[in-house]
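Protein chains: 2
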Amino acid sequence: MEKHIPVSISKQALQRMPYYLQALRAARDSGAEIISAPTVAAQLGLNEVQVRKDFASVSDTAGKPKTGFQTSELISAIERTLGYDNSNDAVLVGAGSLGRALLSYRGFEAYGLSIVTAFDVDPNLTGGEISGKQVLPMNKLESICRNMNIHIGIITVPASQAQSVCDALVGSGVLAIWNFAPVHLNTPDGILVQNENMAASLALLSKHLSERLGSKLND
Amino acid sequence: MEKHIPVSISKQALQRMPYYLQALRAARDSGAEIISAPTVAAQLGLNEVQVRKDFASVSDTAGKPKTGFQTSELISAIERTLGYDNSNDAVLVGAGSLGRALLSYRGFEAYGLSIVTAFDVDPNLTGGEISGKQVLPMNKLESICRNMNIHIGIITVPASQAQSVCDALVGSGVLAIWNFAPVHLNTPDGILVQNENMAASLALLSKHLSERLGSKLND
DNA sequence: TAGATTGTTAATCGATTAACAATC
DNA sequence: TAGATTGTTAATCGATTAACAATC
């Protein structure tokens, strides 16, 4: 009956954390040792109460009335919450155009993610390397994941194959899946699927444009 | 005072549309001329009332009790809503590792997005091509956007430059911004910013893992 | 007919925001 | 001190879900 995590953080709040982090680091780098919630809120276009609550949910040191919060303290509190300190290894399945893109993208290390290998069904790709990372055949998936203790799988295969790849990953001990295929994946309880569905983003962009431009064109 | 759009669709509902589309197309391709809301709901792990409401919000033909909805009718209703029929041109700013990745990604056309050119500050890149798309210097941004009537800008520059690039895009007549930089962008009213913040996604993955693995390791 | 499915109204749920006393 | 900022409780808001009558 030990509850070490005091406040559980909502999904939404968690997703705001990287924005706080970015703003706080910028503030620190320009010399602000102390920062107030209203300041951050204004910068990020958020409500100040929300910012205060979010800060309270990750940090155990309270803010000081009239002054604010200690910048460096908040930064490390958020980094601790997000686990950017301990690096997470991941495998990527699907070395197509998007897969290759992610393999060569150098931005993930900053967030503690490192893609260790890629897998693909195409025998023309397997055995080779992409951006210094090996591309292995699918039958090596389970042994690699088990041996290297990998718990994150990145899916960049076509929609039609995503579910079977997902099943294979789950069967190999993966606990969290970053899904770039525009499909819903069914998984057992306890497995997190984070969808990075570009189609969903484009849906919003496209709708906004048709609303802004549509009326003019139709008249 | 003409209201042609009857029901306004929530952001969340809009983001579910691509999933419906994928599921409906798959159903149609395997011969299902009629499909029911409970079927789709089960497949996508959603509530069936939600699915019915979502369908009702895009389609003007009602479903038939006991049978369901006409698959093809729903598909075209969603496509119409998302504007996948009319293609949207976009420019991309920042031909770094992520920018190049998106330029070479062939998956966007299916959603009606076509990236026509890229821009970058680096004189080593400008003048060249990436995946058959020209890379132009920043001072050409406004004229290109104006002449080609471009309303979508994709930002793949480092966080520190994202805001100024955003301002330049807005100043060039862009109405919707797809932002891959892990920063909040301030924009005037009427401009849509869709954030594709990988850091925010990683935050969720990372938290889930530390919850699943953390307790074991700490004991 | 019987029963699955539809559309809709009302209840629930969770997150955001407003109000306000406490404090440095 | 005066006033900006904090933390917290209560109100609001919006989306999801439950309940149910209508219908083929």
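Residue numbers (the working numbering), protein chains in the order written: chain Z, 1 to 219; chain U, 1 to 219.
Built from N, CA and C at the ideal position, the CB exists for glycine as well.
Keep in mind the model is a prediction, meaning the values are calculated, not measured.
Measuring CB atoms only, is the stretch 27–35 of chain Z touching the stretch 185–203 of chain U, in the sense that at least three cross pairs come out at less than 8 Å? no
Determine which residues of the stretch 55–72 of chain U have a Cβ less than 8 Å from any Cβ of chain Z, and write them out in chain order. none
Quick one: what's got a C-beta closer than 7 Å to U/D219's C-beta in the same chain, skipping five residues either side? Low confidence applies to U/D219: its pLDDT is 36, below 50, so where it sits in the model is not reliable, and the reading given next is rough at best. Answer for U/D219: no residue qualifies.
Mark Z/P123 as exposed unless 16 or more other C-beta atoms lie within 10 angstroms of its C-beta, in which case mark it buried. exposed
Rounded C-alpha distance that separates Z/A110 from U/N139: 31 Å
In chain order, each beta strand (DSSP E) run of at least 3 residues that lies wholly inside the stretch 63–146 of chain Z: 88–93, 113–120, 133–137
To which residues does DSSP link U/N195 through a beta bridge? U/N179
Given Z/V58 as reference, the closest of Z/N149, Z/A13, Z/G107 once Cα atoms are compared: Z/A13
Whose C-alpha, out of U/T71, U/L46, U/F69, U/D85, is nearest the C-alpha of Z/S210? U/D85
If contact is defined by three or more beta carbon pairs under 8 Å, each pair taking one atom from either stretch, is the stretch 43–55 of chain Z in contact with the stretch 168–176 of chain U? no
Counted within 10 angstroms of its Cβ, other Cβ atoms place U/N88 as buried (16 or more) or exposed: buried
Beta-carbon proximity of U/A203 to U/V183, cut-off 8 Å: no
Beta-bridge pairing of Z/G190 - partner residues as DSSP gives them: Paired residues: none, contrary to the question.
contact_flag[the stretch 113–122 of chain Z, the stretch 65–76 of chain Z] where n(CB pairs < 8 Å) is 3 or more: no
Alpha carbon to alpha carbon, how far is U/A56 from Z/G214? 22 Å
Going by CA-CA distance only, name the one from U/P137, U/R100, U/Q70, U/H208 that's closest to U/E235. Since the first residue shown for chain U is 1 and the last is 219, residue 235 of chain U is missing from the structure and cannot be characterised.
Do Z/L192 and Z/A176 come within 8 Å of each other at the CB atom, strictly closer than that value? yes
Applying the criterion that 16 or more other CB atoms from any shown protein chain within 10 Å of the CB defines a buried residue, is U/A200 buried or exposed? buried
Alpha carbon of U/H208 to alpha carbon of U/S143, nearest angstrom: 46 Å
Compare the C-beta of Z/M17 against all C-beta atoms of chain U and say whether one is closer than 8 Å. yes
Have a look at the DSSP bridge pairing and note the partners of U/G153. U/V91, U/I177
Closer than 7 Å, Cβ to any Cβ of chain Z: which residues of the stretch 142–167 of chain U, in chain order? H151, I152, A159
Beta-carbon separation (whole angstroms), Z/V93 vs Z/V165, contact threshold 8 Å: 5 Å
Exposure label - Z/P132; buried when at least 16 CB within 10 Å: It is worth fixing the name first, because residue 132 of chain Z is Gly in this sequence and not Pro. Exposed: under 16 other Cβ atoms inside 10 Å.
Kindly give me the distance between the Cβ atoms of Z/A95 and Z/D120, rounded to whole angstroms, as I take these residues to be in contact under 8 Å. 4 Å
Comparing the C-beta of Z/P182 with each C-beta of chain U, is any distance below 8 Å? yes
Given Z/A162 as reference, the closest of Z/A181, Z/R80, Z/S8 once Cα atoms are compared: Z/A181
Please look up how many angstroms separate the CB atoms of U/Y105 and Z/L98, rounded, as I've assumed it's under 8 Å. 5 Å
Compare the beta carbon distance of U/V228 and U/A62 with 8 Å and say whether it is the shorter of the two. Beyond the ends of chain U as shown, which are 1 and 219, falls residue 228 of chain U; an answer cannot be given.
Would U/S206 count as contacting chain Z if we go by Cβ distances under 8 Å? yes
For U/A203, would you say it is in contact with chain Z, using Cβ-to-Cβ distances shorter than 8 Å as the test? yes
Thinking Z/Q15 and U/L205 are a contact (beta carbons under 8 Å), I'd like their distance in whole angstroms, please. Actually they are not in contact, since the Cβ atoms of Z/Q15 and U/L205 sit about 11 Å apart, beyond 8 Å.
Whose C-beta lies closer than 8 Å to the C-beta of U/L141 among residues of the same chain, with five residues either side of it excluded? V91, V93, F119, A168, L169, S172
What do you reckon, are the CB atoms on Z/G112 and Z/G83 nearer than 8 Å? yes
Measure the C-alpha to C-alpha separation of U/M17 and U/G153 and round it to an integer number of angstroms. 23 Å
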